[in-house]
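Colleague:
Numbering (full-length UniProt numbering), first residue to last: 1 to 481.
And the structure:
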């Protein structure tokens with residue numbers, strides 16, 4: 001019976017037709033290296049807070065929903081705007097002394113954040129797992145501070161009837177506690193990958209930025225010494241170039257940052273300091289137009305590299321959070337190997353298909369690659385399967401290794417196609433004339449056996465050439481005699 005391929009085990013409607021880069025079958029030694037790394041699977045971070053939630057219940061359903069996350073971010077944004085409005089219009093130090101609008105707003109935001117924290121806490125399957133989530137601990141700290149500021153301190157001041165005039169430090173401390181709520185905006189970074197990319201780019205470009213600023217500082221110091229040597233005796237320019245510190249300050253503001261470049265040049269021209277005008281313009285060209293523009297180019301390059309790295313990291317996390325989880329569930333014996341049938345079950349899973357669709361993976365071509373690999377071995381390691389899926393991403397940049405791997409896959413695919421065509425021709429010929437097909441097969445088999453028995457051992461090409469040269473030499477010698 002012909003084996004059923006993984007490609008044909010799925011319906012045509014479940015596949016995605018996209019042109020992607022592929023990573024065909026590696027050599028056997030390379031695949032064995034992958035299998036040797038199976039022990040590293042346990043070190044892969046599969047952490048996701050949703051995996052710690054209940055599988056059933058209203059609380060986990062609310063905590064997993066997208067509208068709950070969007071509503072929470074909306075309340076956080078509104079709270080950030082409200083803090084600015086309250087700082088500008090609310091002149092009271094405590095909530096009891098504030099207007100009714102500010103009191104209602106503070107109680108609303110405190111209740112909203114408390115309710116959000118309670119929902120997330122109730123969604124955990126084991127309540128102790130809440131301490132494993134850093135975002136939950138961060139939000140819990142902010143909610144406790146908000147409760148202390150909005151409810152506890154208000155109740156204490158109302159009961160004791162204490163005035164902030166008697167305790168002037170109370171109002172300042174409460175304002176500082178309110179300003180800590182602005183740290184909730186950090187959660188927006190988690191929902192906006194572009195902001196995270198910019199922040200990581202700034203962190204990676206810190207060394208390049210530091211080198212550029214150091215170069216600007218060296219230029220300021222060098223040109224400052226030169227200009228101070230020639231302009232220190234000029235009393236009309238003493239407010240700009242009277243001392244070395246003033247020279248460096250003028251070069252920084254008016255030269256590097258171009259704050260008041262025109263007045264400085266006019267002052268130098270009014271004193272007929274044409275040489276200093278040339279030196280000042282040279283500093284402007286070197287510092288502002290050259291170094292600063294180079295810094296912008298370096299920042300753009302670093303941000304592009306960080307963005308590409310973030311996309312690769314996101315793809316790895318998506319595959320680890322979906323496909324790898326399903327593979328580990330199917331690996332009952334914990335050997336790290338997955339059979340062809342188990343992989344077919346994974347590919348038919350809804351979460352796995354959604355993951356591949358998000359990664360722009362051509363599922364049909366991935367099935368062909370898996371068929372090619374499963375021809376040689378019955379089981380494949382999880383790491384090898386993950387590498388194969390990640391190599392089939394739609395945004396994977398092509399390289400020479402991908403071209404070589406593609407040629408390997410094309411040879412295998414051509415061989416399989418020719419094999420299938422031979423089977424189809426044999427079936428059609430057998431259906432047309434079965435007796436002739438049987439006789440032709442028997443005669444072909446007999447001819448092959450007779451040729452194999454009658455034919456002498458074949459010589460190699462080099463041996464045949466040597467024997468022919470030897471015979472020709474003997475014939476020439478006889479003719480000479």
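The beta carbon of each residue, even a glycine, is placed where N, CA and C say it ideally should be.
Buried or exposed for residue 221, please, with buried defined as at least 16 other CB atoms from any protein chain shown within 10 angstroms of its CB.
Modeller: Residue 221 is exposed by the Cβ-count criterion.
Colleague: DSSP three-state call for residue 233: helix, strand or coil?
Modeller: Note: residue 233 maps to coil in three-state DSSP.
Colleague: Just to confirm before moving on: does the CB-CB distance between residue 49 and residue 139 stay below 7 Å?
Modeller: Against a cut-off of 7 Å, the Cβ pair of residue 139 and residue 49 comes out as no contact.
Colleague: Quick one: measure Cβ to Cβ for residue 248 and residue 224, integer angstroms, because I've assumed they're closer than 8 Å.
Modeller: The Cβ separation is near 4 Å, so the contact holds.
Colleague: Runs of 3 residues minimum, wholly inside the segment 301-383: which ones carry the beta strand (DSSP E) assignment?
Modeller: Within the segment 301-383, the complete beta strand (DSSP E) runs of at least 3 residues are 337-339 and 379-381.
Colleague: Is residue 340 closer than 7 Å to residue 374 when the C-beta atoms are compared?
Modeller: Contact flag set, yes.
Colleague: Here's a check: name, in chain order, each residue in its chain whose Cβ is nearer than 7 Å to the Cβ of residue 26, leaving out the five neighbours to either side.
Modeller: At residue 26, the pLDDT of 41 sits below 50, so the modelled position is not reliable; the number obtained from the coordinates is stated separately. Excluding residues within five positions, none has a Cβ falling inside 7 Å.
Colleague: So, are the CB atoms of residue 306 and residue 200 less than 7 Å apart?
Modeller: Taking 7 Å as the Cβ cut-off, residue 306 and residue 200 qualify as a contacting pair.
Colleague: Would you check if there are 3 or more beta carbon pairs closer than 8 Å linking the segment 267-276 to the segment 226-242?
Modeller: A contact exists between the segment 267-276 and the segment 226-242.
Colleague: Taking residue 304 as the reference, which of 135, 76, 205 and 215 has the closest Cα?
Modeller: For residue 304, the nearest C-alpha among the options comes from 205.
Colleague: How far does the alpha helix (DSSP H) with residue 427 in it reach, from first residue to last?
Modeller: Where residue 427 is concerned, the enclosing alpha helix (DSSP H) stretches over 400-432.
Colleague: Within 10 Å of its beta-carbon, does residue 34 have 16 or more other beta-carbons around it, so buried, or fewer, so exposed?
Modeller: Model confidence at residue 34 stands at a pLDDT of 40, short of 50, so the residue's coordinates are unreliable and nothing is read from them.
Colleague: Go through its chain and collect everything with a Cβ distance to residue 318's Cβ below 8 Å, but skip five positions before and after it.
Modeller: Here the set comprises 355, 358 and 359.
Colleague: To the nearest angstrom, how far is the alpha carbon of residue 149 from that of residue 122?
Modeller: Using only the alpha carbons, I get a separation of about 24 Å.
Colleague: Relative to the C-alpha of residue 93, which residue among 215, 176 and 119 is closest?
Modeller: Here the closest residue by C-alpha is 176.
Colleague: So residue 139 is in the alpha helix (DSSP H); what residue range does that whole segment cover?
Modeller: Per DSSP, residue 139 belongs to the alpha helix (DSSP H) from 134-147.
Colleague: With distances taken between CB atoms, is the gap from residue 189 to residue 195 smaller than 7 Å?
Modeller: It is a contact, given that the beta carbons lie within the stated cut-off.
Colleague: Considering Cα atoms alone, identify which of 346, 414 and 395 is closest to residue 372.
Modeller: Ranking the options by Cα distance to residue 372, first place goes to 414.
Colleague: Closest by CA to residue 142, which one among 431, 178, 234 and 128?
Modeller: Cα-wise, what sits closest to residue 142 is 178.
Colleague: Counting along the chain, where does the alpha helix (DSSP H) carrying residue 100 start and finish?
Modeller: Unbroken alpha helix (DSSP H) run through residue 100: 100-123.
Colleague: Exposed or buried, what is residue 283 when buried is set at 16 or more other beta-carbons lying within 10 Å of its beta-carbon?
Modeller: So residue 283 counts as buried.
Colleague: Just tell me which of 369, 353, 74 and 60 has its CA closest to the CA of residue 191.
Modeller: If we check each option's Cα against that of residue 191, 74 comes out closest.
Colleague: Return the Cβ separation of residue 389 and residue 361 in integer angstroms, given the expectation that the two are a contact with Cβ distance under 8 Å.
Modeller: Indeed, because the Cβ distance is near 7 Å, the residues count as touching under 8 Å.
Colleague: Taking the alpha-carbon of residue 114 as reference, which of 125, 95, 87 and 145 has the nearest alpha-carbon?
Modeller: Ranking the options by Cα distance to residue 114, first place goes to 145.
Colleague: Using the Cβ count rule (16 or more neighbours within 10 Å means buried), how would you classify residue 70?
Modeller: It counts as exposed.
Colleague: Please work out which residues of its chain come closer than 8 Å, Cβ to Cβ, to residue 105, disregarding the five sequence neighbours upstream and downstream, and give them in chain order.
Modeller: Counting only Cβ-Cβ distances below 8 Å, and skipping sequence neighbours, we find 82 and 86.
Colleague: Hey, residue 287 and residue 198 are a contact pair by Cβ (cut 8 Å); roughly how many whole angstroms apart?
Modeller: No, residue 287 and residue 198 are not in contact; Cβ-Cβ is about 25 Å, not under 8 Å.
Colleague: Taking the C-alpha atoms as reference points, what is the distance between residue 159 and residue 209?
Modeller: Each residue's alpha carbon lies about 55 Å from the other.
Colleague: Using 8 Å for Cβ pairs, my map puts residue 380 next to residue 338. What's the rounded Cβ distance?
Modeller: Indeed they touch by this definition, with Cβ atoms about 6 Å apart.
Colleague: Report the start-end ranges of each alpha helix (DSSP H) in the segment 45-84 that is 4 residues or longer and not cut off at the edges.
Modeller: Whole alpha helix (DSSP H) segments, 4+ residues: 58-64.
Colleague: Suppose contacts are defined by Cβ-Cβ distances below 7 Å. Is residue 326 in contact with residue 349 by that definition?
Modeller: Yes.
Colleague: With burial defined as no fewer than 16 other Cβ atoms inside 10 Å of the residue's Cβ, what is the status of residue 161: buried or exposed?
Modeller: Residue 161 comes out exposed.
Colleague: How would you write the range of the alpha helix (DSSP H) that residue 191 sits in, first residue to last?
Modeller: Where residue 191 is concerned, the enclosing alpha helix (DSSP H) stretches over 186-191.
Colleague: With DSSP collapsed to three states, give me the class of residue 263.
Modeller: DSSP places residue 263 in helix when its eight states are reduced to three.
Colleague: What three-state label does DSSP hand residue 200 in the structure shown?
Modeller: Residue 200: helix per DSSP, three-state reduction.
Colleague: Please report the straight-line C-alpha distance between residue 275 and residue 257, rounded to a whole angstrom.
Modeller: Distance between the alpha carbons of residue 275 and residue 257 is about 22 Å.
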